[in-house]
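Residue numbers for the sequence shown follow the working numbering, beginning at 1250 and rising by one.
We put the beta carbon where it would ideally sit given N, CA and C, even for glycine.
From a predicted model like this one, the values you see are computed outputs, not experimental measurements.
A short worksheet on the structure shown next.
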Amino acid sequence: MEHPQGYAHAPAAQPAAAGNPPQNQAQQPVVRVVLQNVTATVNMRITIDPSSLANKIRHAEYNPKKLPAVVMRIREPQATGLLFSSGKVVITGAAGVEAAREAAQRFVAVVEGVGLNPTTNPNQLRFAVQNMVATFEVDAPISLELMAYCQARWCMYEPELFPGLIYQTAHRGVVAHVFSSGRVVLTGGKQEDHLNEALVRLLPILNQYRQPDA
């Protein structure tokens, strides 16, 4: 059976090696990665005056004391664009890669519509994904203290500063933020495959630190 794009089915965890905490031996349900947010960039190949541009675009915002970029928001697809004087546009908040690509085209079209001359050639725009955020759920609480102790080489856990455990997956720059509830947030991937591969590598490790059922 084919699975929806952007999802990975992780295999059942293997028995823990000697010296590791025992895993829960009950059969675990399928775990899926759900893409939440994509950040991407394009380059319009022009320089702009942010203040002048903001005055020409309806509902655009420009507050150089906070951010040296014009802020634009669109609803379809839902995304935010940050337009810098260099002509670089950062697209954030998109629900997927194609949504980010479509949003980039819309931001460029708005700039073109107010009389500027940005490139519309896809090869020159150089659309590039910079970061993906995705989540998945383990169906049991995770003992973060035990995981931090046993996986100290890869973990950072300072609960007084941040409630999650930060786990460096050592795979294509993907970082996992693991919460005691079993929720995991993945960041740093630039392709959906990177996130799916991180899930496959990470899930057997997480299963070693599942807390027993109440």
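Where does the unbroken beta strand (DSSP E) through residue i begin, and where does it stop?
| i | result |
| --- | --- |
| residue 1285 | 1283–1292 |
Work out the CA separation of residue j and residue i for me, nearest whole Å.
| i | j | result |
| --- | --- | --- |
| residue 1286 | residue 1342 | 5 Å |
| residue 1272 | residue 1348 | The predicted model places residue 1272 with a pLDDT of 48, which falls under 50 and marks its position as unreliable; any figure quoted below should be read in that light. C-alpha separation (whole angstroms): 39 Å. |
| residue 1391 | residue 1449 | 17 Å |
| residue 1457 | residue 1393 | 11 Å |
| residue 1309 | residue 1408 | 39 Å |
| residue 1325 | residue 1441 | 22 Å |
| residue 1411 | residue 1365 | 45 Å |
| residue 1395 | residue 1387 | 16 Å |
Please list the terminal residues of the continuous alpha helix (DSSP H) segment that includes residue i.
| i | result |
| --- | --- |
| residue 1280 | No alpha helix (DSSP H) contains residue 1280, which DSSP labels as neither H nor E. |
| residue 1452 | 1441–1456 |
| residue 1305 | 1299–1305 |
| residue 1354 | 1346–1362 |
| residue 1397 | 1393–1399 |
Determine which residues share a DSSP beta bridge with residue i and list them.
| i | result |
| --- | --- |
| residue 1426 | 1415 and 1434 |
| residue 1235 | Limits of the chain in this structure are 1250 at one end and 1463 at the other, which puts residue 1235 out of reach. |
| residue 1378 | 1289 |
| residue 1470 | Residue 1470 is absent from the structure shown; the chain starts at 1250 and stops at 1463. |
| residue 1384 | 1283 and 1434 |
| residue 1310 | 1320 |
Going by the CB atoms, is the gap between residue j and residue i shorter than 8 Å?
| i | j | result |
| --- | --- | --- |
| residue 1296 | residue 1380 | no |
| residue 1353 | residue 1327 | no |
| residue 1374 | residue 1291 | yes |
| residue 1413 | residue 1424 | no |
| residue 1416 | residue 1434 | no |
| residue 1346 | residue 1445 | no |
| residue 1357 | residue 1293 | yes |
| residue 1355 | residue 1323 | yes |
| residue 1371 | residue 1360 | no |
| residue 1389 | residue 1432 | no |
| residue 1400 | residue 1454 | yes |
Which residue from the options puts its Cα closest to that of residue i?
| i | options | result |
| --- | --- | --- |
| residue 1377 | 1322, 1351, 1394 and 1393 | 1351 |
| residue 1369 | 1455, 1391, 1338 and 1402 | 1338 |
| residue 1302 | 1362, 1396 and 1393 | 1362 |
| residue 1280 | 1304, 1385 and 1364 | 1385 |
| residue 1419 | 1447, 1430 and 1396 | 1447 |
| residue 1336 | 1396, 1315, 1398 and 1299 | 1299 |
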